[in-house]
Amino acid sequence: MSELYKVSSNPHIRSKVTTNGLMLAVIVALMPAAGFGVYNFGFRAFLVILTTIGSTVLTEFLFGLLRWKREALGRLTVTDLSAVVTGLLLALNLPVGIPLWMAALGGVFAILAVKMLFGGLGQNFMNPALAARCFLLISFPTAMTAFECDAYTGATPLAALKAGEQVDLFDMVVGRTGGTIGETSMIAILIGACLLLLFGVIDLRIPGSYIITFLLFVIVFGGHGMNPAYLCAQLSGGGLMLGAFFMATDYVTRPITAKGQYVFGIFLGLMTGIFRIFGPGAEGVSYAIILGNLLTPLIEKYTRPVAFGYRKGGKRREK
């Protein structure tokens, strides 16, 4: 034979999309929210971002060295930029006044406990950044819910809304409010979401079904009916937009089936609505997405498409 053919395992159709390229696209899309967070809260926000990114990258680098030893330099996973994305997402979900050592601890937990100990990228069962945020909320609730800073004092707009107080809708949409570093500006988040859609990183199955379900839930159970100002405030406040476009769409922890992604988004919308309307707190996006991540294998099981040539139940079609 004049030609040699390579024999390899499937899939044989290769894509030009790389992990580095996807992660870089997400980092670029997060820049508007991160940049506005630094502008809104000052240099302290930049320090928090540097701390979380530094802790996630360093943790993954050291874990790789300990795991692979002499072969480490050729097998380090830190170069795929996924640790940078995790650190950046974690920072955007933290209050600006959080002690830097807590932010660093969150980064270590995200990479070590949620990602690397389960096999690394592609094997984690929940979103590492959100898992770290929930860990910090449980461990340090006072620091994680202290949103007062030099720029803003008092309750967040979402907490004020839940208490029945008036909120400035324009400030909420623009981002001139208190909250976590990356959740305040709806405009900045939507700019990043549009970039993700243009880059082809995400589609609207999960964010669309998530937001629509949440709106329907609030209309029915929120006590304000179709009040546009109240609905817009619910969308603009808290981490709903950041979670819907940047964390619920995580490739590893979302369902891979098309029907499953719709089911996943509907579940997130229902759970977020329950947490916000009936729960004691004003927020609920993080816990909703974490619960959805845990149910992903079950959702995939019951939304798996039927193989060509088979009926439902696994029986082959007769000619």
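As numbered in the numbering used here, the sequence shown has no gaps in its residue numbers, which increase by one up to the final residue, 416.
Where is the CB? At the ideal position from N, CA and C, for every residue including glycine.
**Asked** T310 by DSSP, collapsed to three states: which one?
**Response** Here T310 sits in helix by DSSP.
**Request:** Specify, as a first and last residue, the run of the alpha helix (DSSP H) that I371 falls within.
**Result:** Where I371 is concerned, the enclosing alpha helix (DSSP H) starts and stops at A355 to F375.
**Request:** Using a threshold of 8 Å, state whether the C-beta atoms of A180 and I146 are closer than that.
**Result:** It is not a contact, given that the beta carbons lie outside the stated cut-off.
**Item:** Inter-residue spacing [alpha-carbon to alpha-carbon] between I303 and N221
**Value:** A straight-line Cα-Cα distance of about 19 Å links I303 and N221.
**Asked** Hey, how far is the Cα of L250 from the Cα of G275?
**Response** First, the amino acid is wrong: residue 250 is Thr here, not Leu. The straight-line gap separating the alpha-carbon atoms of T250 and G275 is approximately 7 Å.
**Item:** Opening and closing residue of the alpha helix (DSSP H) in which K398 lies
**Value:** Residues V382 to T400.
**Message:** So, with DSSP's three-state summary, where would you put P352?
**Reply:** P352 falls in the coil class under three-state DSSP.
**Prompt:** Can you find at least 3 beta carbon pairs, one from the segment 239-254 and one from the segment 194-207, that sit closer than 8 Å?
**Reply:** As far as the Cβ criterion goes, the segment 239-254 touches the segment 194-207, which means the pair count is three or higher.
**Request:** Assign D346 to one of three DSSP states: helix, strand, or coil.
**Result:** According to the sequence provided, residue 346 is Thr. The question's Asp does not apply to it. DSSP, reduced to helix, strand and coil, places T346 outside both helices and strands of the structure shown, so it counts as coil.
**Prompt:** Smallest Cα separation from G335: which of G370, G305, R351 and F160?
**Reply:** Of the candidates G370, G305, R351 and F160, the one whose C-alpha sits nearest the C-alpha of G335 is G370.
**At least 3 beta-carbon pairs within less than 8 Å: the segment 306-315 vs the segment 325-332** = Pairwise C-beta distances place the segment 306-315 in contact with the segment 325-332, as three or more of them are shorter than 8 Å.
**Outcome for Q358 when other beta-carbon atoms lying within 10 angstroms are tallied against a minimum of 16** = It counts as buried.
**Item:** contact_flag[the segment 265-284, the segment 346-353] where n(CB pairs < 8 Å) is 3 or more
**Value:** Segments in contact, no.
**Message:** Short of 8 Å in beta carbon distance, which residues of its chain neighbour A201, apart from the five on each side in sequence? Order them along the chain.
**Reply:** Annotation for A201: T148, T149, G151 and S152 place their beta carbon closer than 8 Å to its own, counting only its chain and skipping 5 residues before and after.
**Request:** In the DSSP assignment, find the alpha helix (DSSP H) that holds L281 and state where it starts and stops.
**Result:** The question names Leu, but residue 281 in the sequence shown is Thr. Counted as a single uninterrupted DSSP element, the stretch harbouring T281 is not any alpha helix (DSSP H), since DSSP gives it neither H nor E.
**Asked** If we count the other Cβ atoms within 10 Å of its Cβ and call it buried at 16 or more, is R167 buried or exposed?
**Response** Note that R167 has pLDDT 49, beneath the 50 cutoff, so the model's placement of it is unreliable and the number below is only indicative. R167 should be labelled exposed.
**Message:** For T417, list the residues DSSP reports as bridge partners.
**Reply:** Because the chain is modelled from 98 through 416, residue 417 falls outside the range shown and cannot be assessed.
**Request:** For L293, count neighbouring C-beta atoms within 10 Å of its own C-beta (all shown protein chains included) and say buried if the count is 16 or more, exposed if not.
**Result:** When all chains shown are included, L293 counts as buried.
**Request:** Could you check if L214 is buried or exposed, using at least 16 other CB atoms within 10 Å of its CB as the buried criterion?
**Result:** The residue in question, L214, is exposed, as its Cβ has fewer than 16 Cβ neighbours within 10 Å.
**Residue environment, L163, which counts as buried when at least 16 other CB atoms sit within 10 Å** = Classification for L163: exposed.
**Message:** So D177 and L218 are supposed to be a Cβ contact under 8 Å. How far apart are they, rounded?
**Reply:** Yes, D177 and L218 are in contact; Cβ-Cβ is about 7 Å, under 8 Å.
**Prompt:** From which residue to which residue does the alpha helix (DSSP H) around G335 run?
**Reply:** Taken as a continuous stretch (DSSP letters only), G335 belongs to no alpha helix (DSSP H), as it is neither H nor E.
**Message:** Using only the alpha-carbon positions, how far apart do G184 and K212 sit?
**Reply:** Straight-line spacing of the CA atoms in G184 and K212 works out to 12 Å.
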